[in-house]
Every structure is written in C-alpha cells, then in structure tokens.
Amino acid sequence: KQEVTQIPAALSVPEGENLVLNCSFTDSAIYNLQWFRQDPGKGLTSLLLIQSSQREQTSGRLNASLDKSSGRSTLYIAASQPGDSATYLCAVHDYKLSFGAGTTVTVRA
Amino acid sequence: GAVVSQHPSWVICKSGTSVKIECRSLDFQATTMFWYRQFPKQSLMLMATSNEGSKATYEQGVEKDKFLINHASLTLSTLTVTSAHPEDSSFYICSARDRSGRSYEQFFGPGTRLTVL
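Sequences listed follow chains B and C, in order. Read in my numbering, the first sequence has 1 at position 1, and its numbers run on one by one without any break. Read in my numbering, the second sequence has 111 at position 111, and its numbers run on one by one without any break.
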C-alpha cells in the first residue's frame, strides 16, 4: 500500500523567503506525481505534474523535483508572497492517486 | 481546457434523506471518474472509481449501498448519499481522467460541502 508523507505539516515564513516543501512515498513504481494547492473550503488547484520519467517541472516561481529511486519530491516556491498562503498537497499515482496530508503554508506580510 | 464542475457546491439536509451530487467534465470525455472525501484538517481519501457504463469500484471500508455511484455518460457521474447521517458530513470532491490523455492526469472539481443535520 502506497504511503505518502509530507513534512513539515505547517510552515510560516516572512514574505520574500523561499519555500521548500517535502513529500516522500514508499512505493517507487509510479506513473506520475502531482502537486496541488488547496485554499480553505475550496477544491484542488493543480500546480505541477511530474511524469515518472522526468526529474523536475517548472512553472513560474514553482519548481518541483522528483527522485523516484529514493521516493522523494520537493516543491520549491521562490520569493513567497502572502497569496501563496494555502495547503499544498502531494499526490502519487500508481494504480490510484494517493495523497499526503498536506503542508499548510502561511506567508506573513 | 480540462474543466470539471460539481453541483451543488454545498448542501444541507436532514438526517435520513438522500443527497445527489453531480460531477461533469465540461470540455472533455472522461471514461473514468473518481470520488474522494475529505474530512476537516485531513487529506483526500479515495472512495470509489467510476467507469462509464459499468459498476463502480469501491475502496475498502466504503459502503456501496450507502454511496451509490452512477456513471451514465462520458461526461457525467453522480454520487448519491443515501439515508444521510451527521457522520456523512464532509467535503466531497470528484475528478475525471481525460479519455484521450496519456498522462493519467486527473482533473478535479471544486468540491461539494455536505452538512447533515
């Protein structure tokens, strides 16, 4: 059974600081890994999807890396802004999508 | 592109009643749709996988007679919570996989907040 762990559970940083969010998974036989953003009481917004054959994906200030062999992914958010405050979820796709518990980020103005 | 809608966005009902939630893929055909449940401060848990024209596959611990899923067309799946009770109060989110996609990517709806009184 795939287990997805996200560390830390919560993070508070001043505006402008870079964010580093970690995700680990137990079974490396995956199709892809996806990072989502979830605002309170809202649905999911897909941020980045990394195929199993890829090492990283970038979109604007976001960069996600994938190391399948070690079962790890890291989401980097550069120059954080208060609007980045949300919960970030990591999900791993093997035969189904398994989610981590999320990292709740607060960016202080 | 790849937009998934859910209706209603929120619903309040009395205990013992049934509630139907719709999930639609607006601009693509989805042979497979997924239903998730999220309790407060927790992550999403897959409830069932719905394939067009066939019976849904339920995850362990999910009562198929309580959570009825119908995937009648390539753009619509419905989840009916039968005889709802307060413990069924949760945030229900659906997702859909593009029939033509090769990336196995799922596109998520905005969710439905169910409150059972």
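Idealized CB from N, CA, C, for every residue including glycine. In this text, all values refer to a predicted model and were calculated from it rather than measured experimentally.
What residues match up with residue i in a beta bridge as DSSP calls it?
| i | result |
| --- | --- |
| asparagine 51 of chain C | C:Thr32 |
| valine 81 of chain C | C:Val19 and C:Phe67 |
| glutamate 56 of chain B | B:Ser65 |
| tyrosine 76 of chain B | B:Val20 and B:Asn63 |
| tyrosine 58 of chain C | C:Ala48 |
| lysine 5 of chain C | It should be pointed out that residue 5 of chain C corresponds to serine in this sequence rather than to lysine. Answer is C:Arg24. |
| leucine 49 of chain B | B:Gln34 |
| glutamine 106 of chain C | C:Arg97 |
| alanine 129 of chain B | The structure shown does not extend to residue 129 of chain B, since chain B is modelled only from 1 through 109, so no value can be given for it. |
| leucine 74 of chain C | For leucine 74 of chain C, which the question treats as bridged, DSSP gives no partner whatsoever. |
| serine 98 of chain B | B:Val92 |
Locate the beta strand (DSSP E) running through residue i, then write down its first and last residues.
| i | result |
| --- | --- |
| aspartate 67 of chain B | 62 to 67 |
| aspartate 98 of chain C | 90 to 98 |
| glutamine 34 of chain B | 32 to 38 |
| valine 105 of chain B | 103 to 108 |
| phenylalanine 39 of chain C | No beta strand (DSSP E) holds phenylalanine 39 of chain C; DSSP gives it neither H nor E. |
| proline 14 of chain B | 10 to 14 |
| isoleucine 6 of chain B | This sequence places glutamine at residue 6 of chain B; isoleucine is not what is there. Segment 4 to 7, the beta strand (DSSP E) holding glutamine 6 of chain B. |
| leucine 117 of chain C | Per DSSP, leucine 117 of chain C belongs to no beta strand (DSSP E) and is neither H nor E. |
Let me see if you follow: with CB-CB separation under 8 Å, is residue i close to chain C or not?
| i | result |
| --- | --- |
| alanine 101 of chain B | yes |
| tyrosine 31 of chain B | yes |
| aspartate 43 of chain B | Sequence check: residue 43 of chain B is glycine here, not aspartate. For glycine 43 of chain B, the answer is yes, since a Cβ of chain C falls inside 8 Å of its Cβ. |
| leucine 97 of chain B | yes |
| serine 11 of chain B | Position check: residue 11 of chain B holds leucine in this sequence, whereas serine was assumed. Answer no: the Cβ-Cβ gap between leucine 11 of chain B and chain C never drops below 8 Å. |
| leucine 112 of chain B | Lying before the first or after the last residue shown, residue 112 of chain B is absent from chain B, which here runs from 1 to 109. |
| leucine 47 of chain B | no |
Can you round the beta-carbon distance between residue i and residue j to whole angstroms, since I take them to be within the 8 Å contact cut?
| i | j | result |
| --- | --- | --- |
| proline 14 of chain B | arginine 108 of chain B | 5 Å |
| serine 119 of chain C | phenylalanine 34 of chain C | Shown here, chain C extends from 1 to 117; a query on residue 119 of chain C therefore has no answer. |
| threonine 80 of chain C | lysine 20 of chain C | 5 Å |
| serine 95 of chain C | valine 3 of chain C | Going by Cβ atoms, the distance from serine 95 of chain C to valine 3 of chain C rounds to 12 Å, so no, they are not a contact pair. |
Chain B beta carbons: is any one of them nearer than 8 Å to that of residue i?
| i | result |
| --- | --- |
| leucine 128 of chain C | No statement about residue 128 of chain C is possible, as the shown extent of chain C runs from 1 to 117 and does not include it. |
| glycine 61 of chain C | no |
| phenylalanine 108 of chain C | yes |
| isoleucine 93 of chain C | yes |
| glycine 111 of chain C | yes |
If the cut is a Cβ gap below 8 Å, which residues of chain D does residue i touch?
| i | result |
| --- | --- |
| tyrosine 104 of chain C | Here chain D cannot be found, since the structure's protein chains are B and C. |
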